[in-house]
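Numbering (our numbering), first residue to last: 64 to 131.
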């Protein structure tokens, strides 16, 4: 389970939810993929980059699918 409040860009993607409430890792991965165009990559912390890579490794076969 991942607490969105601990990751600034994930928190921003969940503006309409309680970001202190943990979500399943697979849901976090799907949110990043589906909403990548809204992620400000310049604001990603090293910890959040690592989270995204770990999620991609686990659920995306090492790839985060982003719309060009």
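Ideal Cβ positions, reconstructed from N, Cα and C, are used throughout, including at glycine.
Item checked: Cα-Cα separation between residue 84 and residue 65, rounded to whole angstroms -> To locate residue 84, count along the chain shown from 1; it is residue 21. To locate residue 65, count along the chain shown from 1; it is residue 2. Cα-Cα distance, rounded: 8 Å.
Check: Among all the DSSP beta bridges, which residues are the ones paired with residue 86?
Finding: Position 23 of the chain shown, counting from 1, holds the residue named residue 86. 65.
Item checked: CA-to-CA distance, residue 107 to residue 92, given in whole angstroms -> In the chain shown, residue 92 corresponds to position 29, counting from 1. In the chain shown, residue 107 corresponds to position 44, counting from 1. Spanning the two alpha carbons is a distance of roughly 15 Å.
Notebook entry, point to check: Looking at the unbroken alpha helix (DSSP H) that takes in residue 104, where does it start and where does it end?
Noted result: For this step, residue 104 is matched to residue 41 along the chain shown. Per DSSP, residue 104 belongs to no alpha helix (DSSP H) and is neither H nor E.
Item checked: Beta-carbon proximity of residue 121 to residue 72, cut-off 8 Å -> To locate residue 121, count along the chain shown from 1; it is residue 58. To locate residue 72, count along the chain shown from 1; it is residue 9. No, the pair does not count as a contact, with Cβ atoms beyond the cut-off.
Next item on the list: Please name the residue in 105, 79, 102, 96 whose C-alpha comes closest to that of residue 126.
Entry: Position 63 of the chain shown, counted from the first residue, corresponds to residue 126. Closest by alpha carbon: 96.
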